[in-house]
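**Student:** Under our numbering, the first residue of the sequence shown carries the number 522, and numbering increases by one thereafter. Take this structure first; my questions come after.
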Amino acid sequence: YLSNIEALTDLCQSSIYYSGANTVYYTGDYNASKENAPRVLKTSATKLRFNDSETHMWAAIRHAWLVVENIDRVPDMDQEEKERLKAEAKTIVAIYYIHMLRHYGALPIVDKVIAPDDVDFPARATLDDTVKFILRILQEAIDCPHFPWNISPSDLANWDGRITKAGAMGLKARLLLFVASPLFNNEEPYYPGEASDKKMTWYGDYRHERWGDAVKACEDFFRALDENQFYKLVEKEDVTPNEYRYAFRAAYFDRGTTETLIPVHRNIYKANSNPLPNQAIRWGAYNPTKEYFDMFQTADGDDFDWNNEEHRRNPFINRDPRLSETFILDGDIFQGRTAGVTDENPADRTNYPKGRDWGVGQVTVKSLLTGISCRKWGLDRAGEYNNHVIQWPHLRIAELYLSYAEALNEYHKAPNDLAYFYVNKVRERVGMKELKRGLNREQFRAAVLRERACEFGFEEVRYFDLIRWRMDEKFSTPLHGLHVYKNKNDQSYICEEFPLLGTEGSRYWWEPGNYSRKWYLSAFPQNEVNKGYGLVQNPGWE
C-alpha cells in the first residue's frame, strides 16, 4: 500500500513502515505464502509488485473475453463499432498479460470465457507459447480496419483513455524488447528449477534475431506514425510557459496530449488534500536516493561529477531540466516561491541554517530519510492543478523512441545513426545536447538505460529494466542519502552522502550476501499452485 515498485530499485527508498516495501521486501520476508494473503489497506500490506488496481487482472481478462464472445448479439449497434470493441477488448487482454509476464514469466493461456463450472483450467504454458499468444491477439486488434489509430481531438472530452491501434502497436514493441533481453533470451536460465526446466521462465536458448523482432515492431510503429501522425513528444512550444521542464511535466502528467499512448486515470488532484500519489509522496513512499540524483547530467550533456568543484559548489543548477521536475531542489520554484530544502549543519548553525521547507509541509515532510524530496506527481499543489485528473501513463511515446534506440544498438551490436537519432529526440525535448558519438555497444546501452531512468522515474519502468538486463550489481550496491547544507553568506553548498542501509527502511535483500536472482520474478500464490491444474511455481519459491 502506498508504495511504488521503484522502491525496489536504486531510484528511491520507502519509509512507510506498513507498506509492502518495508514489511515484506526490505525485510527479506517475501515468499509464495505471502501471495496468498489478502491486501488490507494500511495494515497487512504484503504485496508491492502489483498495486491495488492491478490485483483483479484475471477478472478483467474474463470481462474482455465476454465482450469479444457476446458483442455480436447486441442489437442496434453497427458492425464497425462491434469490431472496434473487440479490438479494444483484445488489447486490454494483452495489456494485462504483458504486465503479468514481466512479473511472472509464462502464464496459463486464457483465450476464452471460462465457465464457472469448468474444471479444466489451462496449465501454465511455456514462455514461447505465452509470447505467441499475446502477439496473436495484439495483431488481430492491429489488423482490425475499424480500430482507430488515435482518439480524435474532438472526441477527447468523452473518449480520452480509450484503447487505440497506436497503443496496441506500442505494446507489441514493449513486449518484444522485454523478451529479447537477457532475462529470457539467454543461454542459461536466471535461476534453476522445474519452471526453468519446462522453459516457463526463459526461452531455453539465446537467439539474436529476437532483437531483430523488437527492431521490426518499432519500425512498424514509426512507419504507422508517419502515415497517421497525431502522436508526438510534447515540446516546449506546446505548453505555457514555453519551457523545457513544463513540456516534460505535461508529457507524464497531463491527459489528452499527443504523448500518452495508453493513459491510466489514478485520481483527481485537489489543492490542500491528499490524492494518491501525492499522499504517498508526502508520507514517504518516494524518497529519492543520491544515486538517482547523480544520474541526471549537466545541461551541457556531461556526467555530473562530485569531484568537479563547479558541480559541487551548486549541484542544483545547470542540470538536466528533468531533475528539477523529479526532485524539489533548493532554490527552485516551489508553491509560487523559492524552495528551501536544506538541512541544518550541526557544526555551524549560524552560517548553515535549516531551510524553511526542511522536514515540514505536505510534500517535503519525509525528506528527512534521504535528504532530498520528490516533486514528480506531487508537483507544487498550486491552484492551476485543482480538479486536474491525475494520469499515470502506462505507455508514452517517449518509451518507443528509447526502445527503438536500444533494440537497434543490440541488434547491430553497436549504435548506428538511427539509434542516436531516436535517443536524441527524447533528449532534445528537454533541451539536452545529443549523446556523445563514438560509444560502443555497452556504453550506448548504459546511456539509454540512464535516459530511461531520468525520463520515466517512478513510472514503473526502472524495475523492469533492471531485471530484464539481469543487473545484479544494482541490487547489491549500497544506496545513499544526501545531507545538503547551504552557506547563507556566499550561497555555496556542502553536500555529504550518508548510507541508507542500517537506517530506517534497511533492505535485507540489498545487503551483501542476501540478494538472490530468484527475486527477478514473483511467486505465484501457493494456494493457487496447490490446486493442481498445472500452475508450476517459479524457481526459488518452491
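Beta carbons: idealized from backbone N, C-alpha and C, even for Gly. Owing to the predicted nature of the structure, the values given are computational and were not obtained by experimental measurement.
Could one say the Cβ of Arg1038 lies closer than 8 Å to chain B's Cβ atoms, at least one of them?
**Tutor:** Considering every chain present, this structure includes no chain B. It has just one protein chain.
**Student:** Under 8 Å, do Gly822 and Met953 count as touching if we go by C-beta distance?
**Tutor:** yes
**Student:** Assign Thr863 to one of two classes, buried (16 or more other C-beta atoms within 10 Å of its C-beta) or exposed (fewer than that).
**Tutor:** buried
**Student:** Considering only their Cβ atoms, is the gap separating Gly777 from Asp841 smaller than 8 Å?
**Tutor:** no
**Student:** For the beta strand (DSSP E) containing Gln912, name the first residue and the last one.
**Tutor:** Where Gln912 is concerned, the enclosing beta strand (DSSP E) stretches over His909 to Gln912.
**Student:** What are the partner residues of Tyr1014, as DSSP defines its beta bridges?
**Tutor:** Lys1007
**Student:** Tell me the rounded alpha-carbon separation between Ser565 and Tyr539.
**Tutor:** Low confidence applies here, because Ser565 scores a pLDDT of 40, under 50, leaving its location unreliable and the question unanswered by this model.
**Student:** Just confirm the distance between the C-beta atoms of Phe774 and Gln964, as a whole number of angstroms; I'd bet it's less than 8 Å.
**Tutor:** Actually they are not in contact, since the Cβ atoms of Phe774 and Gln964 sit about 32 Å apart, beyond 8 Å.
**Student:** To the nearest angstrom, how far is it from the Cα of Arg744 to the Cα of Ala768?
**Tutor:** Arg744 and Ala768 have their alpha carbons spaced roughly 25 Å apart.
**Student:** Give the single residue among Asn829, Asp869, Trp879 and Trp827 whose Cα lies nearest to the Cα of Gly852.
**Tutor:** Selected option, being the one with the closest Cα: Trp879.
**Student:** Go through the segment 927-980 residue by residue and report every complete run of the alpha helix (DSSP H) that reaches 4 residues or more, in order.
**Tutor:** 938-950 and 962-976
**Student:** Cα-Cα, which of Asp597, Gly626, Ala580 and Val634 is closest to Glu587?
**Tutor:** Note on identity: in this sequence residue 587 is Leu, with Glu being the wrong assignment. That would be Val634, whose Cα lies nearest to the Cα of Leu587.
**Student:** Once DSSP output is grouped into helix, strand and coil, what is the label at Pro809?
**Tutor:** strand
**Student:** Please classify Gly626 as buried or exposed, where buried requires at least 16 neighbouring CB atoms within 10 angstroms.
**Tutor:** buried
**Student:** Going by DSSP in three states, Gly733 sits in which element: helix, strand or coil?
**Tutor:** helix
**Student:** Mapping the DSSP letters down to three states, classify Phe642 as helix, strand or coil.
**Tutor:** Coil, per DSSP.
**Student:** Distance check for Thr761 and Asn835, CA to CA, integer angstroms please.
**Tutor:** 28 Å
**Student:** Quick one: residues in its chain with C-beta nearer than 7 Å to the C-beta of Tyr724, no 5 flanking neighbours on either side, listed in chain order?
**Tutor:** Leu648, Asp649, Phe705 and Asn706
**Student:** In this structure, how does DSSP classify Cys739 when only helix, strand and coil are distinguished?
**Tutor:** helix
**Student:** Could you tell me which residues DSSP puts in a beta bridge with Thr781?
**Tutor:** In DSSP, Thr781 forms a bridge with Arg917.
**Student:** Secondary structure at Ala566, three-state DSSP: helix, strand or coil?
**Tutor:** Residue placement at Ala566 cannot be trusted, given a pLDDT of 44 that sits under 50; the coordinates are not used to answer.
**Student:** If you drop the 5 nearest sequence neighbours on each side, which residues of the same chain put their C-beta closer than 8 Å to that of Arg583?
**Tutor:** Val631, Val634 and Ile635
**Student:** Let's see if you can read the secondary structure: which residues bound the alpha helix (DSSP H) around Thr612?
**Tutor:** Gln600 to Tyr625
**Student:** DSSP has Phe848 in a bridge; who is on the other side?
**Tutor:** Cys895
**Student:** Out of curiosity, what's the CA-to-CA distance linking Ala669 and Phe742?
**Tutor:** Going by the sequence as given, residue 669 is Pro instead of Ala. So the two alpha carbons sit approximately 14 Å from each other.
**Student:** Whole angstroms is fine: what's the gap from Phe977's alpha carbon to Leu782's?
**Tutor:** Spanning the alpha carbons of Phe977 and Leu782 requires a straight line of approximately 14 Å.
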